[in-house]
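First up is the structure itself, then whatever we jot down about it.
If you want it as structure tokens, here you go:
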């Protein structure tokens, strides 16, 4: 490969499964991935050489970590904005940059900017107190969803408030205890949830993956189907156009996932943004010519982006959630023997109920068969079935 000193080093802040799944892509590309993890037991720290164990939110630790990297990127959005701004002032190459990333860190900032750009969103407002919720509910004529503007993920920091709920109720009062602004949105009448994943490089090259359908249970993604079954070509192109427009307008560098509602009357509304590899893009490891993890690295290094084209008519990804089996290794062996074409990915996490510990992927032309195979493996590993 030549002199290692001439090959770039990518620093990824965060040692979770996203960083872990980025490591094989880095190896294939010939670049070194350094990881800053909170503990040596985190997913990525188990597989990356010489992980830096430090505080992911402490500026001094971030500065020390960045000193050995050519570019800094992230596997989560929880680095404080002031720290990112300080790193950029130091001359550190941060991708995505602090201005772009703020729109994934703060739902209020995101909603305001998208609205100003004409990107379709649910009706929303920032509410200062529980007393402001009922008037907003009346204005939208139905139920309301309250979200803390910062810190929420996988259904955390989200509350459904049925129309007519008194302001004194625990459901209305609880979001305000977090000490951050609260976003109120109309509850959208949607047919399903979609995700449009794109990757964009600093010089503006961008690629769009097939739009996928994501299935949520208790606020956690459990299944992704690529491409979204039955999605019209018009809506698919519109979803990709929206995602590419957001990436360009916010100057995103790297992978951007735009989570969308497909409404019952056939419209698209933007729900959330993530500026990093995303759960809805895990299918691409096995199901696309270039995975989202490889394209994220290519983007932050300003390398030419790889093709996002799917390898098969359908790919189904099902998350493996911890369940009743404390020891999943025998179950792992069973599903591998039962279905040699199934791909199983483990995150190196301790198993506990409801925790994402891995995912399985199946791809081919028969969607019903792919779903049955992927769900059988997930249910067996979880302990829901025993044959």
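Numbering (our numbering), first residue to last: 9 to 395. Glycine included, each C-beta is placed from N, C-alpha and C at the ideal position.
8 Å contact criterion, which residue i and residue j should meet: CB distance rounded
i	j	result
residue 362	residue 330	6 Å
residue 60	residue 18	Not a contact, Cβ separation roughly 13 Å.
residue 266	residue 176	Actually they are not in contact, since the Cβ atoms of residue 266 and residue 176 sit about 37 Å apart, beyond 8 Å.
residue 396	residue 386	Absent from the model: residue 396. The displayed extent of the chain is 9 to 395, so no value can be given.
residue 419	residue 255	Only positions 9 to 395 of the chain appear in the structure, and residue 419 is not among them; the question remains open.
residue 269	residue 196	5 Å
residue 43	residue 56	5 Å
residue 39	residue 305	7 Å
residue 339	residue 388	6 Å
residue 297	residue 315	4 Å
residue 127	residue 253	7 Å
Cut-off 8 Å between Cβ atoms - residues of its own chain near residue i, not counting five sequence neighbours on either side
i	result
residue 108	258, 259, 260, 261, 283
residue 10	For residue 10, the predicted model reports a pLDDT of 44, less than 50, meaning its position is unreliable and no value from the coordinates is stated.
residue 63	46, 69
residue 96	102, 105, 106
Spatial neighbours of residue i in its chain, beta-carbon cut-off 6 Å, leaving aside the 5 residues before and after
i	result
residue 323	234, 291, 295, 371
residue 6	One cannot answer for residue 6 here, as it falls past the ends of the chain, which runs 9 to 395.
residue 170	151
residue 293	299
residue 104	260, 261, 262, 283
residue 194	130, 131, 148
residue 85	112, 113
residue 243	none
residue 264	206, 255, 283
residue 31	41, 55, 56
residue 65	88
residue 301	29, 30, 33, 285
residue 352	368
residue 289	205, 300
Under the three-state DSSP convention, the category residue i falls into
i	result
residue 354	strand
residue 167	strand
residue 256	helix
residue 234	strand
residue 176	coil
residue 14	helix
residue 132	strand
residue 217	coil
residue 222	strand
residue 51	coil
residue 364	strand
residue 241	helix
residue 349	coil
residue 320	coil
residue 116	helix
residue 64	coil
residue 344	helix
residue 373	coil
Proximal residues to residue i (C-beta, below 7 Å), its chain only, five neighbours per side dropped
i	result
residue 183	154, 156, 167, 190
residue 192	132, 133, 135, 141, 144, 152, 154
residue 119	129, 132, 191
residue 125	257
residue 246	276
residue 313	207, 209, 213, 215, 303, 306, 307
residue 381	347, 350, 370
residue 394	none
residue 37	302, 305
Option in the options with minimal Cα separation from residue i
i	options	result
residue 271	200, 105, 236, 23	200
residue 326	72, 40, 354, 319	354
residue 287	20, 16, 29, 14	29
residue 15	32, 72, 41	41
residue 320	306, 343, 374, 307	374
residue 7	121, 88, 123, 119	In the structure as shown, the chain starts at 9 and stops at 395, and residue 7 therefore has no counterpart that could be examined.
residue 76	20, 342, 124	20
residue 110	127, 91, 97	91
residue 367	229, 311, 99, 303	229
residue 303	58, 72, 81, 73	81
residue 101	86, 309, 138	309
residue 348	236, 369, 264	369
residue 186	158, 392, 173, 198	158
residue 188	137, 394, 352	137
residue 71	54, 94, 83	94
residue 173	205, 99, 139	139
residue 122	223, 281, 73	281
residue 273	99, 383, 67, 198	198
Near the ligand SAH: residue i beta-carbon under 6 Å from a heavy atom
i	result
residue 172	The ligand SAH is not part of the structure shown, which contains no ligands of any sort.
Chain C within 7 Å of residue i, Cβ atoms only
i	result
residue 140	Annotation note: the requested chain C is absent from the structure, which comprises a single protein chain.
Are the region 271-278 and the region 210-219 touching by the rule of at least three beta carbon pairs closer than 8 Å? In short, these stretches do not touch, since the Cβ pair count stays below three.
Counting Cβ pairs, one atom from each stretch, are 3 or more of them under 8 Å apart for the region 177-190 and the region 207-214? Contact between the region 177-190 and the region 207-214 is absent: fewer than 3 CB-CB pairs across the two stretches fall below 8 Å.
Three or more C-beta pairs below 8 Å linking the region 108-120 and the region 143-151: Result no; under three Cβ-Cβ pairs closer than 8 Å.
With three or more C-beta pairs closer than 8 Å as the rule, is the region 47-60 touching the region 21-35? In the pairwise beta carbon analysis, the region 21-35 is classified as touching the region 47-60: at least three pairs are separated by under 8 Å.
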